[in-house]
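A.B. asks:
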Amino acid sequence: MYGADWCSDCQRAKAFLEAHHIDFIYKNIELDATHVRRVEEINQGKRIIPTFEILGQTYTNPDNAELARILGINPFGRVLFYGADWCPDCRRAKTYLNDHHVHYQFIDVDSFDWATREVERINKGKRIIPTILVDGTPFSNPDNATLQQVLQIEQEQKPAHVYDVVIVGGGAAGLTTAIYTQREKLSSLILERKNIGGNAFLTEKIENYPGFMNISGPDLMQKMADQATAYGATIKLGVDVAGIRCQDGVFQVETNMGLFEGHAVVLAVGSTYQRLHIPGEEALIGAGIHFCATCDGPFYRDKEILIVGGGNSALEEGLYLTEFTDKVSFVVRKPAFSASPTYVEKLAERSNVATYMNTTSVAFLANDQGLFETLKVRDNETGEETLLEADGVFIFIGLTPNTAFLEGILERDERGFIVTKDGTVETSMRGVFAAGDCRQGATAQIAAATGEGVLASFGVKEYLKRAW
Ligand SMILES: Cc1cc2nc3c(=O)[nH]c(=O)nc-3n(C[C@H](O)[C@H](O)[C@H](O)COP(=O)(O)OP(=O)(O)OC[C@H]3O[C@@H](n4cnc5c(N)ncnc54)[C@H](O)[C@@H]3O)c2cc1C
Numbered sequence: 092m093y094g095a096d097w098c099s100d101c102q103r104a105k106a107f108l109e110a111h112h113i114d115f116i117y118k119n120i121e122l123d124a125t126h127v128r129r130v131e132e133i134n135q136g137k138r139i140i141p142t143f144e145i146l147g148q149t150y151t152n153p154d155n156a157e158l159a160r161i162l163g164i165n166p167f168g169r170v171l172f173y174g175a176d177w178c179p180d181c182r183r184a185k186t187y188l189n190d191h192h193v194h195y196q197f198i199d200v201d202s203f204d205w206a207t208r209e210v211e212r213i214n215k216g217k218r219i220i221p222t223i224l225v226d227g228t229p230f231s232n233p234d235n236a237t238l239q240q241v242l243q244i245e246q247e248q249k250p251a252h253v254y255d256v257v258i259v260g261g262g263a264a265g266l267t268t269a270i271y272t273q274r275e276k277l278s279s280l281i282l283e284r285k286n287i288g289g290n291a292f293l294t295e296k297i298e299n300y301p302g303f304m305n306i307s308g309p310d311l312m313q314k315m316a317d318q319a320t321a322y323g324a325t326i327k328l329g330v331d332v333a334g335i336r337c338q339d340g341v342f343q344v345e346t347n348m349g350l351f352e353g354h355a356v357v358l359a360v361g362s363t364y365q366r367l368h369i370p371g372e373e374a375l376i377g378a379g380i381h382f383c384a385t386c387d388g389p390f391y392r393d394k395e396i397l398i399v400g401g402g403n404s405a406l407e408e409g410l411y412l413t414e415f416t417d418k419v420s421f422v423v424r425k426p427a428f429s430a431s432p433t434y435v436e437k438l439a440e441r442s443n444v445a446t447y448m449n450t451t452s453v454a455f456l457a458n459d460q461g462l463f464e465t466l467k468v469r470d471n472e473t474g475e476e477t478l479l480e481a482d483g484v485f486i487f488i489g490l491t492p493n494t495a496f497l498e499g500i501l502e503r504d505e506r507g508f509i510v511t512k513d514g515t516v517e518t519s520m521r522g523v524f525a526a527g528d529c530r531q532g533a534t535a536q537i538a539a540a541t542g543e544g545v546l547a548s549f550g551v552k553e554y555l556k557r558a559w
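Those letters in the sequence shown? Residues 92 to 559, per the working numbering, in order.
In structure tokens:
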């Protein structure tokens with residue numbers, strides 16, 4: 092902000108920024124001739140103050156409403172929203188608030204250091220976004236059901252519509268199913284508990300999806316979601332499915348956001364990162380322990396991190412993290428990486444990588460502020476225990492299918508994967524299909540998940556033809 096103490100508009104703008112905790116640098120034009128020249132340059136020779144430079148744009152004497160618009164301030168709202176553009180849960184929560192016409196003030200933690208500090212203060216040292224304050228009460232990454240409850244947003248009552256197919260999961264398999272079913276003119280509803288894109292959304296670089304030499308996970312998945320909605324699919328985010336039952340040929344899908352109905356169901360619920368289940372892990376999740384490089388990696392720019400795991404996911408995500416962190420050290424239980432040779436070769440070319448092979452993670456230890464400080468590890472050969480220091484840890488050790496809610500509803504194998512009939516994607520419950528990573532025998536690749544989405548759509552089409 093370029094201004095002068097005697098200028099009433101400068102006083103007005105300054106007071107507005109301070110009242111809304113906006114971090115800014117005040118450049119008094121009376122104290123420095125270079126500030127005067129900059130003001131003249133911005134205003135084509137005129138000396139108009141206050142003049143602002145905000146994220147690379149210039150503004151001449153904006154009124155408070157204009158400042159509020161530029162900075163995302165809502166002076167009348169009950170809701171203060173700390174988040175970042177790259178954070179998927181922030182997008183999910185924003186979509187929910189926008190869809191329900193809730194006004195909120197968005198504070199980008201990347202733009203203001205004080206905002207990150209405030210998030211840490213609220214969350215007792217943890218960097219959790221979104222952190223949302225409603226009437227001053229903080230909520231750390233609240234799900235949509237919590238937002239609905241605290242903001243008293245009306246719940247969708249009895250389902251207004253019976254869809255031809257309800258698809259559970261908005262990853263590669265679910266989105267592909269919807270593209271195909273919609274093109275068959277079957278009304279399709281996708282219920283997604285988090286954000287669109289599933290696991291593929293979490294990875295920065297995809298190099299093996301046919302047709303794309305190199306595309307980011309978010310870009311690829313957004314394209315799939317755009318295609319599904321362009322054909323008319325409905326996508327509801329933040330809807331966590333808890334059960335399915337069939338009544339008079341109609342499937343009732345129970346969720347945290349009410350009941351949805353369909354004539355057929357496709358389960359495309361994928362899988363979730365496994366935890367190490369060692370001391371200290373639970374308490375430090377979000378306080379230095381993470382499971383998603385694209386979601387939390389940017390917090391560790393120019394810092395040192397550890398990665399636990401040596402498979403494809405660990406190396407793929409590790410390669411991405413080497414691009415902007417100072418050092419990435421891999422802690423691998425086996426004597427060698429189990430990832431594909433392409434990743435291992437690429438990693439060997441990076442100069443900021445260290446490896447601890449044949450090493451078991453034993454415990455996470457915290458500092459006085461309750462933040463991760465060291466990982467205790469044990470050498471599998473010598474039994475010697477050492478402490479590895481780092482700013483943060485990312486754990487990539489495998490996945491578990493998201494099928495617990497199907498217990499007693501349909502057949503799953505001992506690891507929880509949904510069992511389908513040989514050569515089909517039909518489950519043990521007629522009219523319910525399974526596609527992608529949650530299915531027994533899945534290849535856990537995006538291209539495979541999309542292929543299974545196609546199969547599921549064909550299954551739905553045939554089932555509905557026979558059922559009607
Ligand atoms: C870090 C990482 C990197 C990867 N890199 C690659 C790669 O480069 N190339 C490649 O081909 N594959 C890659 N994969 C694998 C690929 O991401 C998966 O094979 C693919 O995402 C599977 O798609 P899906 O739709 O079956 O499941 P998912 O992508 O897991 O999607 C399932 C969706 O269902 C939702 N869901 C789950 N339970 C519920 C519920 N109860 N209610 C509502 N919604 C629910 C989840 O939130 C999720 O969005 C990677 C995986 C990981 C973890």
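Just so you know, even glycine gets a beta-carbon here, dropped at the ideal spot from N, CA and C.
Write down the C-beta distance between Ile380 and Phe455 rounded to the nearest angstrom, noting that I regard them as a contact closer than 8 angstroms.
C.D. replies: Their Cβ separation, rounded to whole angstroms, is 6 angstroms, which keeps Ile380 and Phe455 in contact under 8 angstroms.
A.B. asks: Would Thr491 pass as a contact of Thr267 if the rule is Cβ separation under 8 angstroms?
C.D. replies: For Thr491 and Thr267, no; Cβs fall outside 8 angstroms.
A.B. asks: Would you report the Cα separation of Asp154 and Gln102, rounded to the nearest angstrom?
C.D. replies: Roughly 12 angstroms separates the two Cα atoms.
A.B. asks: In the DSSP assignment, find the unbroken beta strand (DSSP E) run with Arg129 in it and report its ends.
C.D. replies: Here Arg129 belongs to no beta strand (DSSP E); instead the alpha helix (DSSP H) covers Ala124 to Ile133.
A.B. asks: So, helix, strand or coil for Gln246, using DSSP?
C.D. replies: Coil, per DSSP.
A.B. asks: Is Ile398 helix, strand or coil when you go by DSSP?
C.D. replies: Looking at Ile398 - three-state DSSP - the assignment turns out to be strand.
A.B. asks: Which residues mark the beginning and the end of the alpha helix (DSSP H) in which Leu438 is found?
C.D. replies: Unbroken alpha helix (DSSP H) run through Leu438: Pro432 to Ala439.
A.B. asks: Would you list, in sequence order, the uninterrupted beta strand (DSSP E) runs of no fewer than 3 residues that lie entirely inside the stretch 226-293?
C.D. replies: Whole beta strand (DSSP E) segments, 3+ residues: 228-231, 253-259 and 279-283.
A.B. asks: Quick check: is any heavy atom of ligand 1 less than 7 angstroms from the C-beta of Gln102?
C.D. replies: No, Cβ of Gln102 sits at least 7 angstroms from all heavy atoms of ligand 1.
A.B. asks: Considering only heavy atoms of ligand 1, does any lie closer than 7 angstroms to the CB of Tyr300?
C.D. replies: Answer for Tyr300: yes, Cβ within range of ligand 1.
A.B. asks: Quick one: what's got a C-beta closer than 7 angstroms to Leu367's C-beta in the same chain, skipping five residues either side?
C.D. replies: The residues are Val399, Ser452, Ile486 and Ile488.
A.B. asks: Among Glu505, Cys98 and Gln531, which has the Cα closest to the Cα of Lys512?
C.D. replies: Looking at the Cα atoms, Gln531 is the closest of the given residues.
A.B. asks: I want to check one thing, is the minimum distance from the CB of Ile220 to the heavy atoms of ligand 1 below 7 angstroms?
C.D. replies: No, since every heavy atom of ligand 1 falls outside the 7 angstroms radius drawn around the Cβ of Ile220.
A.B. asks: Let me check you understand the geometry: is the CB of Thr294 closer than 7 angstroms to at least one non-hydrogen atom of ligand 1?
C.D. replies: For ligand 1, at least one heavy atom lies less than 7 angstroms from the Cβ of Thr294.
A.B. asks: Using a Cβ-Cβ cut-off of 8 angstroms (strictly less than) and excluding sequence neighbours within five positions of Ile220, which residues of its own chain qualify?
C.D. replies: Answer for Ile220: Tyr173, Gly174, Ala175, Cys178, Asp180, Cys181, Val200, Val210 and Asn232, listed in chain order.
A.B. asks: How big is the Cα-Cα spacing for Thr151 and Lys185?
C.D. replies: So the two alpha carbons sit approximately 30 angstroms from each other.
A.B. asks: Is the CB-CB distance between Gly550 and Phe508 below 8 angstroms?
C.D. replies: No. Outside cutoff.
A.B. asks: To the nearest angstrom, how far is the alpha carbon of Asp190 from that of Thr494?
C.D. replies: Cα-Cα distance, rounded: 29 angstroms.
A.B. asks: Ala291 and Leu311 - do their beta-carbons sit closer together than 8 angstroms?
C.D. replies: Going by C-beta atoms, Leu311 is nearer than 8 angstroms to Ala291.
A.B. asks: Closest to Glu295 by CA distance: which of Gln343, Val356, Leu410 and Tyr195 is it?
C.D. replies: For Glu295, the nearest C-alpha among the options comes from Leu410.
A.B. asks: Which stretch, first to last residue, makes up the alpha helix (DSSP H) that contains Asp310?
C.D. replies: Per DSSP, Asp310 belongs to the alpha helix (DSSP H) from Gly308 to Ala321.
A.B. asks: Taking the C-alpha atoms as reference points, what is the distance between Leu375 and Gly461?
C.D. replies: About 8 angstroms.
A.B. asks: At a cut of 8 angstroms, does the stretch 316-332 reach the stretch 460-477 through at least three beta carbon pairs?
C.D. replies: The stretch 316-332 vs the stretch 460-477: no contact.
A.B. asks: Would you say the beta carbon of Val360 comes nearer than 7 angstroms to a heavy atom of ligand 1?
C.D. replies: Yes; taking the cut-off as 7 angstroms, the Cβ of Val360 has a heavy atom of ligand 1 nearer than that.
A.B. asks: For Ala156, is the classification buried or exposed, using 16 other Cβ atoms within 10 angstroms of its Cβ as the cut-off for buried?
C.D. replies: Flag for Ala156 reads exposed.
A.B. asks: Give a yes or no on contact between the stretch 295-307 and the stretch 278-287, applying the rule of three or more CB pairs nearer than 8 angstroms.
C.D. replies: They do not touch, by the three-pair rule.
A.B. asks: Taking the alpha carbon of Ile140 as the point to measure from, which residue in Asp96, Glu505, Gly340 and Leu146 has its own alpha carbon closest?
C.D. replies: Of the listed residues, the one whose Cα sits closest to Ile140 is Asp96.
A.B. asks: What did DSSP end up calling Ser519 once you bin it into helix, strand or coil?
C.D. replies: Coil.
A.B. asks: One question on the structure: do Val241 and Val225 come within less than 8 angstroms of each other, judged by their Cβ atoms?
C.D. replies: In contact: Val241 and Val225 (Cβ atoms closer than 8 angstroms).
A.B. asks: Compute the Euclidean distance between the alpha carbons of Glu408 and Leu108, then round it to the nearest angstrom.
C.D. replies: Going from the Cα of Glu408 to the Cα of Leu108 covers about 39 angstroms.
A.B. asks: Does Ile113 come out as helix, strand or coil in the three-state DSSP assignment?
C.D. replies: Coil.
A.B. asks: Is the distance from the Cβ of Ile287 to the Cβ of Gly261 below 8 angstroms?
C.D. replies: In this structure, Gly261 lies closer than 8 angstroms to Ile287 by Cβ.
A.B. asks: Run through the DSSP bridge pairs and tell me what Ala59 is partnered with.
C.D. replies: The structure shown does not extend to residue 59, since the chain spans only 92 to 559, so no value can be given for it.
A.B. asks: Where does His192 land, buried or exposed, given buried means 16+ other C-beta within 10 angstroms?
C.D. replies: Exposed, since its Cβ has fewer than 16 Cβ neighbours within 10 Å.
A.B. asks: Check for me: the alpha helix (DSSP H) holding Val210 runs from which residue to which?
C.D. replies: Here the alpha helix (DSSP H) through Val210 covers Asp204 to Ile213.
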